[in-house]
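Asks:
2 protein chains.
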Amino acid sequence: MTTRRVPLTRDAIVDAAIHLLDQSGSDRMTMRNLGRELGVDATACYRHFRDKPDLMRAVGDRLLSGVTSDLQPEADWRATVLIVCQQLRAALLRQPRLAVAMRDAPPLAAGEFAITESLLAQFLRAGLDARHAALAYHSVIELTVGSATIDASVDALDDVGRQRMYDGWRQTYATLPIDEFPASRAVALELYRGPADDRFAVALEQLLDGIAARG
Amino acid sequence: MTTRRVPLTRDAIVDAAIHLLDQSGSDRMTMRNLGRELGVDATACYRHFRDKPDLMRAVGDRLLSGVTSDLQPEADWRATVLIVCQQLRAALLRQPRLAVAMRDAPPLAAGEFAITESLLAQFLRAGLDARHAALAYHSVIELTVGSATIDASVDALDDVGRQRMYDGWRQTYATLPIDEFPASRAVALELYRGPADDRFAVALEQLLDGIAARG
DNA sequence: ACACTGTTGACAACGCTGTTGACAACGGAC
DNA sequence: GTCCGTTGTCAACAGCGTTGTCAACAGTGT
Numbered sequence: 022m023t024t025r026r027v028p029l030t031r032d033a034i035v036d037a038a039i040h041l042l043d044q045s046g047s048d049r050m051t052m053r054n055l056g057r058e059l060g061v062d063a064t065a066c067y068r069h070f071r072d073k074p075d076l077m078r079a080v081g082d083r084l085l086s087g088v089t090s091d092l093q094p095e096a097d098w099r100a101t102v103l104i105v106c107q108q109l110r111a112a113l114l115r116q117p118r119l120a121v122a123m124r125d126a127p128p129l130a131a132g133e134f135a136i137t138e139s140l141l142a143q144f145l146r147a148g149l150d151a152r153h154a155a156l157a158y159h160s161v162i163e164l165t166v167g168s169a170t171i172d173a174s175v176d177a178l179d180d181v182g183r184q185r186m187y188d189g190w191r192q193t194y195a196t197l198p199i200d201e202f203p204a205s206r207a208v209a210l211e212l213y214r215g216p217a218d219d220r221f222a223v224a225l226e227q228l229l230d231g232i233a234a235r236g
Numbered sequence: 022m023t024t025r026r027v028p029l030t031r032d033a034i035v036d037a038a039i040h041l042l043d044q045s046g047s048d049r050m051t052m053r054n055l056g057r058e059l060g061v062d063a064t065a066c067y068r069h070f071r072d073k074p075d076l077m078r079a080v081g082d083r084l085l086s087g088v089t090s091d092l093q094p095e096a097d098w099r100a101t102v103l104i105v106c107q108q109l110r111a112a113l114l115r116q117p118r119l120a121v122a123m124r125d126a127p128p129l130a131a132g133e134f135a136i137t138e139s140l141l142a143q144f145l146r147a148g149l150d151a152r153h154a155a156l157a158y159h160s161v162i163e164l165t166v167g168s169a170t171i172d173a174s175v176d177a178l179d180d181v182g183r184q185r186m187y188d189g190w191r192q193t194y195a196t197l198p199i200d201e202f203p204a205s206r207a208v209a210l211e212l213y214r215g216p217a218d219d220r221f222a223v224a225l226e227q228l229l230d231g232i233a234a235r236g
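Protein chains in written order, with our numbering: chain A, 22 to 236; chain B, 22 to 236.
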């Protein structure tokens, strides 16, 4: 309709993409919807990004950029690892496809380097040698990404819907035939109880216990 | 061309879908390719499955069904957990979207119940109470799914390509500016070294250490 | 032998997706 | 003023999942 007064920028496109992801989830984040959001033809974005994966990489980088800010250098190494992983988790939950997008592009983004650096630094501070620091890094990253992947779908629901889904799962496990599933019946009421963030924190603490114990 | 002698069955479609996933990865697993694989029009599958997610749920159930077979009841609880998780990981690697598909459908599949049951049983055997068994279960599942999610893309490559990608990552980390990324530089050569399955085993062992230590 | 019925596959079509190439308008450099 | 690189528009393509319609088939009751 009207001519655009200010030309499009990479940042503006990334902003719109994140806005789109926030309000309508991953399904609605299409190039055409993105163009509509920006008041621009969809294909205009291809002047700034080679293709959609390229765009998503930029989105991922943006979301990841805040993960390692606000770190307190004097904090315990475990506390620092915990915070970094929790913020990484939050970023991943915000954009479930991020984990996939990250792995798609071997030329990794700047935000990712910062995360790796801060985690490795903590493990070295904890006294691990290079090999064990690398192993600890892999473990922690895999747990964080995994937890986020699992929780991402549930996270799309509101609080009520989420509680209802968890209740449904518990109910399902609680009504399995007891002779075939005795352990499930015994534990059913404890499954998926409480906030998912808390369960992640517990898992991470357990993992850090194991890492601290024998590297 | 020729008239089909035997009619399509759900099992045959699931077979073909798995075959397609095995040989060409998730991208090529489309309804049209599936029809081509079966020598049948793509839309014929809609006579047997409501839609694609419905099909993928069946695929997931099939892949998960083998996870808890071949368990030795007399084995150590840790060894059993390790085996179950390793086989679950293998199933997830075969079909990366499986993790998401699993969570999408609250009426969970039979194979998933068996996995949960066997893991919970081991944690109860280890002496954990219901609450801590549930927490341990969540931790272990999240790590397993996470590891599989991360490794899934790399797994699609052949051995040479995979090694090259890992080498590339190491190279990237090894050439970061040393004043800004000292820890990354120090650890770079140890990152992503050796088979991914081994790294997963280490992570799981660490987690089980932490679980055994204080539940 | 016949018609009726439910099932299954083929085919065409719809709306959506990411992406490309040709074209036109713009802004800055000479 | 003229050139040229940049950027947005437009039409189009191939592919996707999905639906509705139609024909061929098996089984059943008469």
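All C-beta atoms, glycine included, are put in the ideal place defined by N, C-alpha and C.
If you drop the 5 nearest sequence neighbours on each side, which residues of the same chain put their C-beta closer than 8 Å to that of B:ARG146?
Replies: The residues are TRP98.
Asks: Let me confirm a value: A:MET22 is counted as buried when at least 16 other C-beta atoms fall within 10 Å, else exposed. Which label applies?
Replies: In this prediction, A:MET22 scores a pLDDT of 41, lower than 50, which makes its location untrustworthy; no coordinate-derived value is stated.
Asks: Please report the residue range of the alpha helix (DSSP H) in which A:GLY46 lies.
Replies: Where A:GLY46 is concerned, there is no enclosing alpha helix (DSSP H), given that its DSSP letter is neither H nor E.
Asks: Can you find the residues in the same chain that come closer than 8 Å, C-beta to C-beta, to B:PRO128, ignoring five residues on each side of it along the sequence?
Replies: Here the model assigns B:PRO128 a pLDDT of 46, short of 50, so the residue's position is not dependable and the matter cannot be decided.
Asks: So the alpha helix (DSSP H) A:ASP82 belongs to, where does it begin and stop?
Replies: Start and end: 73 to 86.
Asks: Please check if any C-beta of chain B sits within less than 8 Å of the C-beta of A:SER90.
Replies: It does not: the Cβ of A:SER90 has no partner Cβ on chain B nearer than 8 Å.
Asks: Let me see if you follow: with CB-CB separation under 8 Å, is B:VAL35 close to chain A or not?
Replies: Chain A, which has no Cβ nearer than 8 Å to the Cβ of B:VAL35, makes this no.
Asks: So B:VAL208 packs on A:LEU141, CB below 8 Å; how close in whole Å?
Replies: About 5 Å separates the two Cβ atoms, so the contact holds.
Asks: To the nearest angstrom, how far is it from the Cα of B:GLY231 to the Cα of A:GLY231?
Replies: For B:GLY231 and A:GLY231, the distance between alpha carbons rounds to 4 Å.
Asks: Taking one C-beta from the segment 100 to 119 of chain B and one from the segment 68 to 75 of chain B each time, how about it: are there three or more such pairs within less than 8 Å?
Replies: Not touching, per the Cβ criterion.
Asks: Counting only beta-carbon atoms, is B:GLY46 nearer than 8 Å to chain A?
Replies: So, not an interface residue.
Asks: From which residue to which residue does the alpha helix (DSSP H) around B:PHE202 run?
Replies: That residue, B:PHE202, is in no alpha helix (DSSP H); it is neither H nor E in DSSP.
Asks: Under three-state DSSP, which class holds B:MET186?
Replies: Three-state result, B:MET186: helix.
Asks: Give me, in chain order, the residues of the same chain whose beta-carbon lies closer than 8 Å to that of A:THR101; leave out the 5 immediate sequence neighbours on both sides.
Replies: Cβ neighbours of A:THR101 beyond the five flanking positions: LEU92, GLN93, SER139 and GLN143.
Asks: Chain B partners of A:THR101, CB-CB under 9 Å?
Replies: Neighbours of A:THR101 on chain B: none; closest Cβ ~12 Å, over 9 Å.
Asks: If you count every other CB in all the chains shown that lies within 10 Å of the CB of B:SER90, and 16 or more means buried, which is it?
Replies: Per the 10 Å Cβ criterion, exposed.
Asks: Would you check if there are 3 or more beta carbon pairs closer than 8 Å linking the segment 156 to 164 of chain A to the segment 213 to 226 of chain B?
Replies: Cβ pair count under 8 Å is three or more, so yes.
Asks: Using a Cβ cut-off of 7 Å, pull out every chain B residue sitting near A:HIS159, in sequence order please.
Replies: The contacting residues are ARG220 and ALA224.
Asks: Could you confirm whether any beta carbon from chain A is found closer than 8 Å to the beta carbon of B:ALA207?
Replies: Output row for B:ALA207: interface = yes.
Asks: Taking Cβ positions, are B:VAL80 and B:ALA38 nearer each other than 8 Å?
Replies: It is a contact, given that the beta carbons lie within the stated cut-off.
Asks: Output yes if chain B places a C-beta closer than 8 Å to the C-beta of A:VAL166; else output no.
Replies: So yes, A:VAL166 belongs to the interface.
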